[in-house]
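The sequence shown begins at 1 in UniProt numbering and counts up by one.
Input: a single structure, listed below in structure tokens.
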Amino acid sequence: MDQIEKNQVSLGENMDSMKGNIDKVKGSVEQVMRALNNLFASVYNVKIRKGQSSSAVMYIRNGPDSTSYIGMGWHIAPDLYNDDDTHFYVVWTADNFKNTGCFNHLCPGFVQTSKKDYLGGNIGATSIYGGHMVEMTYSISQDPETKNWVISNESEMLGYFPASLFPNMAQAHQVGWGGRTSNSQGGPSPQMGSGYFPDKVFTHSSYFKDVAFQVESKGSVFPYIQDVDAVSDRPDCFYARYYGLLEEVGYSLQFGGPGGSCGG
Numbered sequence: 001m002d003q004i005e006k007n008q009v010s011l012g013e014n015m016d017s018m019k020g021n022i023d024k025v026k027g028s029v030e031q032v033m034r035a036l037n038n039l040f041a042s043v044y045n046v047k048i049r050k051g052q053s054s055s056a057v058m059y060i061r062n063g064p065d066s067t068s069y070i071g072m073g074w075h076i077a078p079d080l081y082n083d084d085d086t087h088f089y090v091v092w093t094a095d096n097f098k099n100t101g102c103f104n105h106l107c108p109g110f111v112q113t114s115k116k117d118y119l120g121g122n123i124g125a126t127s128i129y130g131g132h133m134v135e136m137t138y139s140i141s142q143d144p145e146t147k148n149w150v151i152s153n154e155s156e157m158l159g160y161f162p163a164s165l166f167p168n169m170a171q172a173h174q175v176g177w178g179g180r181t182s183n184s185q186g187g188p189s190p191q192m193g194s195g196y197f198p199d200k201v202f203t204h205s206s207y208f209k210d211v212a213f214q215v216e217s218k219g220s221v222f223p224y225i226q227d228v229d230a231v232s233d234r235p236d237c238f239y240a241r242y243y244g245l246l247e248e249v250g251y252s253l254q255f256g257g258p259g260g261s262c263g264g
């Protein structure tokens, strides 16, 4: 699973992404995270070659050392699909990829219920820098009765991960949004997101907007700036910026960058 371990930005660990740590609201069983709400994510297609990948992801984690993980989003991964198109994907593990986990349907785990959309599907048209934006809407939620983790795309339930897959994730205590790249061939890193750094112009850098999560005792919770960590392991190549509440796009962030020779 090297593809999700390298060059990451997030509200998340070892990534150019953003991580909202919600341990502050897990004081009782009623105060745990049950869902990542529907959000909007811009979709791009940057130039990628064999041995590389570039992705946007939102995720949940739990368990000792955050070993249980479910992520979903879009990525360009030629080694996985034999093309350089942008695909919708899901990835999971129950033990930090030691013995469990995979992308999409590459191993047993995800139970498909939709007959319309499938994991790994080609998204087709993508956003144009400075022009028309193509967005995805998706969510991860927990069924209150079965405790299964449900994956939805554009308000369509695609399927679920059985609760039995995740002995350490009866609920989630960490959420994140951001991007990742990998390059198994060495040399310069590929681009992330749109290929441009965050600049608060939402037709430039890749974004997530209307980010929120569900807490049983409180309903929708929005990640306030003081509760969010922005993490990048290669800030010279890509990084993330969380803006909090913006009038036109809600609680939002941008991430990405041009890649290149990262970290010397």
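From the three backbone atoms N, C-alpha and C, an ideal C-beta is built for every residue, glycine too.
For Leu-246, count neighbouring Cβ atoms within 10 angstroms of its own Cβ and tell me buried if that reaches 16, exposed if not. Here residue 246 corresponds to residue number 246 of the sequence shown, with the count starting at 1. Label assigned to Leu-246: exposed.
Which same chain residues, not among the five before or five after Asn-122, have their C-beta less than 7 Å away from its C-beta? By one-based count along the sequence shown, residue 122 stands at place 122. The answer, listed in chain order, is Asp-85 and His-87.
Status (buried if at least 16 other CB within 10 Å, exposed otherwise) for Val-32: As a working mapping, residue 32 is identified with position 32 in the sequence shown. The predicted model places Val-32 with a pLDDT of 45, which falls under 50 and marks its position as unreliable; any figure quoted below should be read in that light. Val-32 is buried by the Cβ-count criterion.
Check Gln-142 in the structure and name its three-state DSSP category. Indexing the sequence shown from 1 puts residue 142 at position 142. The three-state reading of DSSP puts Gln-142 in strand, counting E and B together.
In or out: Ser-164 buried (at least 16 other Cβ within 10 Å) or exposed? Locating residue 164 in the sequence shown gives position 164, where the first residue counts as 1. The residue in question, Ser-164, is exposed, as its Cβ has fewer than 16 Cβ neighbours within 10 Å.
Mind checking whether Leu-253 and Tyr-242 have CB atoms under 8 Å apart? Start at 1 with the first residue of the sequence shown, and residue 253 comes out as number 253. Start at 1 with the first residue of the sequence shown, and residue 242 comes out as number 242. Going by beta carbons, Leu-253 and Tyr-242 fall inside the 8 Å limit.
Nearest to Phe-255 by alpha carbon, out of Glu-248, Val-231, Val-134 and Val-249? Here the question's residue 255 lines up with position 255 in the sequence shown. Selection Glu-248, Val-231, Val-134 and Val-249 evaluated against Phe-255 yields Val-231 as nearest (Cα-Cα).
6 Å Cβ shell around Pro-258 - same chain, five flanking residues per side excluded: By one-based count along the sequence shown, residue 258 stands at place 258. Here Pro-258 has Gln-191 and Gly-195 as same chain residues with Cβ atoms under 6 Å from its own Cβ, once five neighbours each way along the sequence are excluded.
What number of angstroms, rounded off, separates the C-alpha of Pro-108 from the C-alpha of Ala-212? Walking along the sequence shown from the start, residue 108 turns up at place 108. Walking along the sequence shown from the start, residue 212 turns up at place 212. The alpha-carbon atoms of Pro-108 and Ala-212 are separated by roughly 30 Å.
The stretch 168-182 touching the stretch 45-64, judged by at least three CB pairs closer than 8 Å: The answer is yes - the stretch 45-64 touches the stretch 168-182, with three or more Cβ pairs under 8 Å.
Compute the Euclidean distance between the alpha carbons of residue 338 and Ala-94, then round it to the nearest angstrom. It is not possible to answer for residue 338, since the shown part of the chain is limited to 1 through 264.
Nearest to Met-157 by alpha carbon, out of Tyr-138, Gly-187 and Asn-99? As a working mapping, residue 157 is identified with position 157 in the sequence shown. Of the candidates Tyr-138, Gly-187 and Asn-99, the residue whose Cα lies closest to the Cα of Met-157 is Tyr-138.
Outcome for Arg-49 when other beta-carbon atoms lying within 10 angstroms are tallied against a minimum of 16: Along the sequence shown, one-based indexing puts residue 49 at 49. Counting Cβ neighbours within 10 Å, Arg-49 comes out exposed, since fewer than 16 surround it.
May I have the straight-line CA-CA distance separating Gln-226 from Asp-65, to the nearest angstrom? Locating residue 226 in the sequence shown gives position 226, counting from the first residue. Locating residue 65 in the sequence shown gives position 65, counting from the first residue. C-alpha separation (whole angstroms): 23 Å.
Output the distance between the C-alpha atoms of Arg-61 and Ile-76, rounded to the nearest integer angstrom. Here residue 61 refers to the residue found at position 61 of the sequence shown. Here residue 76 refers to the residue found at position 76 of the sequence shown. Distance between the alpha carbons of Arg-61 and Ile-76: 23 Å.
For the stretch 58-134, which segments carrying the alpha helix (DSSP H) assignment without a break, of at least 4 residues, lie completely within its bounds, in sequence order? If we require 4 residues or more, the alpha helix (DSSP H) runs fully inside the stretch 58-134 come out as 78-81.
My guess is that Tyr-44 and Thr-126 are in contact by the Cβ rule of under 8 Å, so how many angstroms apart are they, rounded? Here the question's residue 44 lines up with position 44 in the sequence shown. Here the question's residue 126 lines up with position 126 in the sequence shown. Correct: roughly 5 Å between the Cβ atoms.
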